């Protein structure tokens, strides 16, 4: 059958050629590569086995070192326990001696006799020596009552003297030195625990010979070697390859061959180099290189012609070398065997392919003959046949018939259908992309015809009116936006339909919220110049308008703050004059009867005015934090009393403090924060309710989420709870952001909670805001608890209790306000100073540089001239490092914007003579400038 047609013969020959080419390609490109890769895999398996054993041995070494440290610690604890037990025995013996009316010497003799016979473990005993290094108790009779300094070994006696002196000075401790065992022998390393008992006049010690510990460690090491030997016996590389271990002296520690295990390998010589094989293995250790050499086989002993490779790893801790050893022909055996099997499989596959080819050719020839018989019918118009190959056999005839058919009908029809389908799909995709783009735009877009009927709206337009797009398209504009909005924008629509572009802003309420939009109406003009519709483009600018409003309000608040700060500064100068003159008059006319009745309220009112200016400065944020210890129950009570007077009668305020606790914070700022939270709670309860302050300590041991993860430690939590409407979801996430407010326009700055947040973060605290499950909201403030170390770092230095004598000292007073300068001058003169005055910084600068007799400087900070107060202070300190310098200011933050200015302490106006004297006294105690790191609280 195969020889019947030309097509069959050609088809079969082609299949045979393809199979032959594939066989050759597999053999040439696959077999050598497979052999190489399998050989590499076998080598890597040997390397992997070596690394695994190395990791096992290394882990054993780590465990052994850990055991050494643990065993040493255990022995130390036992030595301490023995000495403590001895201490208890001594105390008990002394009590018994006192009960038996024995003398001190008799009691001591009884104690030493009992201790001399006490032994434990391996040569463990107790020894006692007095502070003069005389052994009072020792199990060795040679040393009983013997002075250690009289021993023959001078170095040894010196060491023991140092041990006793160390125990006397330190009270107790562990000491290592050399000492012989009780059964004689040379001195060996010994570790003793020695404790001094000054009440008895002697020290007690007990020791451990370190070679006993080393014996335990060596036993562990031998066990480790045995464990490695057992592991090596189970590892096999290739057919006869193995792993073994030897030390740096060439001793075989573990070898699978029992004939050479635990023997010396130094006599094993590499026949190629004539050198000991052990030395060559050590040279390649940890280099990553293999040692290639000739060796014999167990089946052919003495014939050193077989290639062998070894890889060596060094374990420094044990002094071991772990080595793999395998014959090269065994590594290649697997690759050769695999190549042979692949070739066998390939030959079988070729025979099977030939069989299948014969079967396939016989099956395919019959349909081809059938197609050849129908070729004439296809040429005459039968369009059911198919072709595609031009040949000189039956397939060639079919190909010509198929080409004629495709040219006549199939190609044209299929091409036309395909083109129409592709164009339709492209148009659909383009329309979908345009729809997605328009829906994604942050704008409201709509197209209306000249009858004001919607033909298109994007998703933003539909969302604005809370409708589906299908509910808008086809309807008129009146039915969608409503008659009220239509009446408002009808003039603009009319203007647009007349052919003009119209841009305008429009405000309207949607679900109780004011929406501000910027609208652009574009006329749609056809080729005849007639308007056939309009395009509406609207942008929601509510957020932008709100941002403009907030910026304006923030600028107004900033201006108010600056005005408040400036007024407070000027008012402080006025109060300095008023308070200074009142106090001076009170001191000078103290003997006038009835004068104090009028002076005391005036002084009190002046001080109250100073407090008010301090609050103004805090409001203008020109006041730095001044942390002090705050007793929370008192501060909370004051806060409750303060806010209660400002709340409606239908709002009650309560407090709950679990215990007497204190914080180290700025009390004024903390009080302001609590008042802010209370007033916010009041706004959330227009119909009345309850505000509760709750304080309790809390210890954080694991991460806790507030505004950020809380660091573990001790804290004080202050909760402000209310029964109001709570926070909305938006307010919970933005409450602490500047300018965020839920109040109407002009009713709040949005800075209250942000100022609370800033104070809490400046005080190293945390804040969280939640809605309570039952009703209302809860704001929790978490502040670090006060500690002794914290107060030591932050508490300002107290003024000296005794005022020094200022008589005869010459001070320069610099103040641009004449009345303030007169008050301060009088206070300085009353303290005994001689005072020079300067009205501005330039005059003061000349006096400082020209008068070396000046002992100090009292200067305002802000004044006319080239330098400010800090500059004059630096100039004075540069001229005389021991000069007394005090700065005064009506601002409370000391104006210290630069780090170098932090070294100066500033006295805030107004002040009295005592405060001025205290400031000068403290300044006199400072001989060098205070560095910023040591004076951060100023």
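Numbering (our numbering), first residue to last: 808 to 1745.
No residue lacks a Cβ here, since even glycine has one placed at the ideal position from N, Cα and C.
Predicted model, so just to flag it, every value in this text is computed and none were measured.
>> What would DSSP say about residue 1526, mapped onto helix, strand or coil?
In response: In the structure shown, residue 1526 sits in a strand (DSSP, three-state: E or B).
> Are the segment 1444-1457 and the segment 1502-1518 in contact at 8 Å, needing three or more beta carbon pairs?
Replying inline: The segment 1444-1457 makes no contact with the segment 1502-1518: fewer than 3 CB pairs, one atom from each, lie closer than 8 Å.
> Taking the runs of the beta strand (DSSP E) that are 3 residues or longer, which of them lie wholly in the segment 1280-1357?
Replying inline: List check, beta strand (DSSP E) in window: 1309-1317, 1320-1332, 1338-1347.
> When the Cα atoms are used, what is the spatial distance from residue 1485 to residue 1436?
Replying inline: Rounded to whole angstroms, residue 1485 to residue 1436 spans 23 Å at the Cα level.
>> Going by beta-carbon coordinates alone, are residue 1637 and residue 1720 separated by less than 8 Å?
In response: Taking 8 Å as the Cβ cut-off, residue 1637 and residue 1720 qualify as a contacting pair.
>> What does the alpha-carbon distance come out to for the pair residue 1503 and residue 1465?
In response: Distance between the alpha carbons of residue 1503 and residue 1465 is about 5 Å.
>> Which residue wins for smallest C-alpha separation from residue 1255, given the options 1240, 1231, 1284, 1034?
In response: In this structure, 1284 is the residue among 1240, 1231, 1284, 1034 with its C-alpha nearest to the C-alpha of residue 1255.
> Where does residue 1121 sit, in a helix, a strand or coil, going by DSSP?
Replying inline: It is a strand residue.
> Are there three or more Cβ pairs, one per stretch, closer than 8 Å when the segment 1251-1270 is compared with the segment 1231-1240?
Replying inline: Flag = no, the segment 1251-1270 and the segment 1231-1240 do not touch.
> My guess is that residue 1250 and residue 1344 are in contact by the Cβ rule of under 8 Å, so how many angstroms apart are they, rounded?
Replying inline: About 6 Å; that satisfies the 8 Å criterion.
>> Just to confirm before moving on: does the CB-CB distance between residue 1098 and residue 1088 stay below 8 Å?
In response: Yes, Cβ-Cβ distance for residue 1098 and residue 1088 is below 8 Å.
> Should residue 1330 be labelled buried (16 or more other beta-carbon atoms within 10 Å of its own) or exposed?
Replying inline: Its Cβ being crowded by 16 or more others within 10 Å, residue 1330 is buried.
> Does the Cβ-Cβ distance between residue 1438 and residue 1461 come in under 8 Å?
Replying inline: No; because the gap between Cβ atoms is not below 8 Å, this pair is not in contact.
>> Within a Cβ cutoff of 6 Å, which residues of the same chain sit near residue 1629, ignoring the five residues on either side of it in sequence?
In response: There are no such residues.
> Looking at the unbroken alpha helix (DSSP H) that takes in residue 1681, where does it start and where does it end?
Replying inline: For residue 1681, the enclosing alpha helix (DSSP H) starts and ends at 1676-1686.
> Around the C-beta of residue 1311, are 16 or more other C-beta atoms found within 10 angstroms, so that it is buried, or is it exposed?
Replying inline: So residue 1311 ends up on the exposed side.
> Among 1031, 1117, 1491, which one has its Cα closest to the Cα of residue 1124?
Replying inline: Out of 1031, 1117, 1491, 1031 has the C-alpha closest to the C-alpha of residue 1124.
> At which residues does the beta strand (DSSP E) containing residue 1482 begin and terminate?
Replying inline: Run containing residue 1482: none in the beta strand (DSSP E); it sits in the alpha helix (DSSP H), 1474-1490.
>> Using the Cβ count rule (16 or more neighbours within 10 Å means buried), how would you classify residue 1727?
In response: Buried is the call here.
> Under the criterion of a Cβ to heavy atom distance below 7 Å, does residue 852 qualify as lining the ligand GTP?
Replying inline: Looking for the ligand GTP in the displayed structure turns up nothing, as the structure carries no ligands at all.
> How should residue 1350 be labelled, buried or exposed, when 16 other C-beta atoms within 10 angstroms of its C-beta is the threshold for buried?
Replying inline: By the neighbour-count rule (16 or more Cβ atoms within 10 Å), residue 1350 is not buried but exposed.
>> Cutting at 7 Å between CB atoms, please list the residues of its own chain near residue 1642, excluding the five before and the five after it.
In response: 1618, 1620, 1632, 1635, 1636.
> What's the call for residue 1110, buried or exposed, on a 16-neighbour Cβ count within 10 Å?
Replying inline: By the 16-neighbour rule on beta-carbons within 10 angstroms, residue 1110 is exposed.
>> At the level of alpha carbons, what is the spacing between residue 1522 and residue 1444?
In response: In a straight line, the C-alpha of residue 1522 is about 20 Å away from that of residue 1444.
> Would you say residue 873 faces chain B, with C-beta separation under 8 Å as the test?
Replying inline: Looking for chain B here will not work: only one protein chain is present.
>> For residue 1325 and residue 1340, I'd like the C-alpha separation in whole angstroms.
In response: Computed Cα separation, rounded: 20 Å.
> residue 1647 and residue 1623: beta carbons closer than 8 Å?
Replying inline: If you check the CB distance, residue 1647 and residue 1623 come in under 8 Å.
> At which residue ranges does the segment 1082-1121 contain complete beta strand (DSSP E) runs of 3 or more residues, listed in the order of the chain?
Replying inline: List check, beta strand (DSSP E) in window: 1098-1102.
> Could you give the distance in angstroms between the alpha-carbon of residue 1048 and the alpha-carbon of residue 1154?
Replying inline: Computed Cα separation, rounded: 33 Å.
> In angstroms, rounded to a whole number, what distance separates the CA positions of residue 1094 and residue 866?
Replying inline: Taking the straight line from one Cα to the other gives about 21 Å.
>> Relative to the C-alpha of residue 1135, which candidate in 1065, 1116, 1150 has its C-alpha closest?
In response: Residue 1116 is the option with its Cα nearest to residue 1135.
> Can you tell which of 1307, 1318, 1252 has the C-alpha that lies nearest to the C-alpha of residue 1336?
Replying inline: It is 1307 whose Cα lies nearest to the Cα of residue 1336.
>> Under 8 Å, with one C-beta from each stretch per pair, do the segment 1057-1065 and the segment 873-882 reach the 3-pair mark?
In response: These segments do not touch.
> Could you give the C-beta distance for residue 1010 and residue 1016, rounded to a whole number, given that I count them as a contact under 8 Å?
Replying inline: Incorrect: roughly 20 Å between the Cβ atoms, too far for contact.
> Where do the N-terminal and C-terminal ends of the beta strand (DSSP E) with residue 1080 fall, by residue?
Replying inline: Segment: none, residue 1080 is in no beta strand (DSSP E) and carries neither H nor E.
> Starting from residue 1267 and walking both ways along the alpha helix (DSSP H), at which residues does that stretch end?
Replying inline: That run of the alpha helix (DSSP H) goes 1266-1271.
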